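In this text, residue positions in the sequence shown follow our numbering: the first is 15, and each later residue adds one. The beta-carbon is built from N, C-alpha and C at its ideal position, and this holds for glycine as well. Bear in mind that the values here come from a model prediction, so they are computed numbers and not experimental data.
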Amino acid sequence: MDLQPFIERFRRRFDEVEALLSSPDAFANPAKGQELTREHSRLRELVADGEAWSATRREIADNRALATSEPPGSELAAMASDELQRLEPELQRLTLRLFDGIAPPSPTDSRNSVVEIRAAAGGAEAALFAADLCRMYSRYAEARGWKVETLDASSSDLGGLKEVVLLVTGQDVFKRLKHESGVHRVQRVPATEAQGRIHTSTATVAVLPEAQEVDVDLRPDDLDISVCRASGHGGQGVNTTDSAVRIVHKPTGLEVRCQDERSQHKNKAKAMMVLRSRLLERRMAEEAEKMASERRGQVGTGERSEKIRTYNFPQNRVTDHRVDITLYNLAAFVEGDLDPILDALVANDVQQRLASVKA
15 MDLQPFIERF RRRFDEVEAL LSSPDAFANP AKGQELTREH SRLRELVADG
65 EAWSATRREI ADNRALATSE PPGSELAAMA SDELQRLEPE LQRLTLRLFD
115 GIAPPSPTDS RNSVVEIRAA AGGAEAALFA ADLCRMYSRY AEARGWKVET
165 LDASSSDLGG LKEVVLLVTG QDVFKRLKHE SGVHRVQRVP ATEAQGRIHT
215 STATVAVLPE AQEVDVDLRP DDLDISVCRA SGHGGQGVNT TDSAVRIVHK
265 PTGLEVRCQD ERSQHKNKAK AMMVLRSRLL ERRMAEEAEK MASERRGQVG
315 TGERSEKIRT YNFPQNRVTD HRVDITLYNL AAFVEGDLDP ILDALVANDV
365 QQRLASVKA
């Protein structure tokens with residue numbers, strides 16, 4: 015894809031915005047002035063990235079020409095090859111940055127996320143796998159400097175989780191995690207298997223963008239709110255006060271439960287946030303269904319009917335079926351090293367958005 019027309023468009027618009035900001039009445043409307051300021055800052059970065067992209071492309075062309083014109087094994091040919099190894103990843107990095115400017119991501123990409131993990135097929139082993147996924151995402155969040163808060167959890171025997179709801183907060187959380195929504199499949203010998211047979215179990219993951227009040231209007235008459243005793247660890251306050259909150263959205267039947275083990279007011283606020291997020295995600299999925307049929311297979315549309323990833327422990331293998339990537343470092347992956355696959359999913363998302371963009 016030739017990015018030069020887009021780079022020229024960025025440069026023209028940058029000059030236009032700069033002229034607008036330099037006019038005496040640029041901030042007569044403060045909101046419009048702030049919007050122009052943000053656009054100016056974004057365009058300045060895109061213009062700089064575009065210039066670097068063009069310069070890097072020229073350097074790559076020069077070094078490729080040098081590498082082929084010099085005798086194999088010569089010092090100049092070796093130097094050119096070394097430069098190419100440095101320049102090509104840099105060109106890829108700049109290309110992805112420009113792609114984000116050409117096809118801007120969804121406004122929800124910068125939001126925090128509600129991550130819901132539920133054991134599916136496989137009984138006790140599925141619950142253990144759900145607990146492993148919870149730990150995996152928590153480790154990944156920790157490595158990125160995000161904060162993870164457990165809003166609700168239901169434990170199973172053997173230390174598993176029937177379901178858990180997490181709130182993950184930080185920079186670009188939904189952008190990185192939204193592609194995790196779907197059915198995750200594990201193949202391994204369960205701890206309860208006496209004869210060493212490999213079992214297949216599944217867990218479902220739903221990643222919802224944290225909804226704001228302006229996104230979803232909740233009418234009091236549509237809500238059935240009740241309180242009950244919290245359960246789980248937490249000291250003397252557990253099972254002695256009605257602090258857990260349960261909310262049912264009557265028009266849709268959606269049910270949310272949240273327990274912070276002590277504060278009923280905090281639980282209600284968090285439960286309302288989760289409910290808004292679920293309703294927002296449902297609306298986004300309905301809008302995606304209305305799009306052209308070729309868009310329905312796109313990563314991130316909310317389709318959860320098919321497995322998206324397989325975790326094969328005997329082979330130390332993890333396979334993402336959407337981008338057809340297989341890694342043989344499952345041990346590191348389940349410890350939170352998700353970027354090799356998440357980077358590919360994000361890049362695939364950008365490519366899908368670019369398909370409908372014209373210079």
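For this session: Look at the alpha carbon of L404 and the alpha carbon of G115, and state the distance between them as a whole number of angstroms.
Result: Residue 404 is absent from the model: the chain starts at 15 and stops at 373.
Exercise. What are the uninterrupted segments assigned as alpha helix (DSSP H) that are 4 or more residues long and contained completely in the region 311–367, given in chain order?
Worked result: 344–347
Problem set entry | Cβ-based burial, A81 [other Cβ within 10 Å; buried from 16] | Residue mapping note: residue 81 aligns to position 67 of the sequence shown, counting from 1. Buried, because 16 or more other Cβ atoms sit within 10 Å of the Cβ of A81.
Exercise. Per DSSP, what kind of secondary structure is T216 in: helix, strand or coil?
Worked result: If you number the sequence shown from 1, residue 216 lands on position 202. Correct three-state label for T216: strand.
For this session: Below 8 Å on the Cβ atoms is my guess for K189 versus S124; work out the distance and round it to an integer in Å.
Result: Translated into the one-based positions of the sequence shown, residue 189 becomes position 175. Translated into the one-based positions of the sequence shown, residue 124 becomes position 110. Going by Cβ atoms, the distance from K189 to S124 rounds to 7 Å, so yes, they are a contact pair.
Problem set entry | Other residues of its chain near M298: CB distance less than 6 Å, five sequence neighbours each side excluded | The residue you call residue 298 lines up with position 284 of the sequence shown. There are no such residues.
Exercise. What's the C-alpha gap between E32 and R107?
Worked result: Working through the sequence shown from its first residue, we reach residue 32 at position 18. Working through the sequence shown from its first residue, we reach residue 107 at position 93. Rounded to whole angstroms, E32 to R107 spans 27 Å at the Cα level.
Problem set entry | Where the beta strand (DSSP E) containing A133 begins and where it ends | Here the question's residue 133 lines up with position 119 in the sequence shown. Segment 127–133, the beta strand (DSSP E) holding A133.
For this session: Quick one: residues in its chain with C-beta nearer than 6 Å to the C-beta of S152, no 5 flanking neighbours on either side, listed in chain order?
Result: If you number the sequence shown from 1, residue 152 lands on position 138. If we look at S152 and ignore the five residues flanking it on each side, its Cβ neighbours are V162.
Exercise. How would you call P118, buried or exposed, if buried means at least 16 neighbouring beta carbons within 10 angstroms?
Worked result: As a first step, residue 118 must be located in the sequence shown, where it is residue number 104. Per the 10 Å Cβ criterion, exposed.
Problem set entry | Selection from L165, Y154, A135 that minimises the alpha carbon distance to K321 | On the sequence shown, residue 321 is found 307 positions in, with the first residue counted as 1. The shortest Cα separation from K321 among L165, Y154, A135 belongs to A135.
For this session: Tell me where the alpha helix (DSSP H) around K192 begins and ends.
Result: Counted from its first residue, the sequence shown places residue 192 at position 178. Run containing K192: none; DSSP gives neither H nor E here.
Problem set entry | S127 beta carbon less than 8 Å from that of V182 | Your numbering for residue 182 matches position 168 in the sequence shown. Your numbering for residue 127 matches position 113 in the sequence shown. Cβ atoms of V182 and S127: closer than 8 Å.
Exercise. Which partner residues of E177 appear in the DSSP bridge assignment?
Worked result: Indexing the sequence shown from 1 puts residue 177 at position 163. Note: E177 sits in a beta bridge opposite R132, S168.
Exercise. Taking all protein chains shown into account, do 16 or more other C-beta atoms lie within 10 angstroms of the C-beta of S307, making it buried, or fewer, making it exposed?
Worked result: On the sequence shown, position 293 is the one that residue 307 refers to. Any reading at S307 must be qualified, since the residue scores a pLDDT of 39, below 50, and its modelled position is unreliable; the value itself is stated next. So S307 counts as exposed.
Exercise. Touch check for the region 83–98 and the region 33–53: three-plus C-beta pairs under 8 Å?
Worked result: no
Problem set entry | First through last residue of the beta strand (DSSP E) which encompasses E269 | By one-based count along the sequence shown, residue 269 stands at place 255. 268–272 is the span of the beta strand (DSSP E), which, as asked, contains E269.
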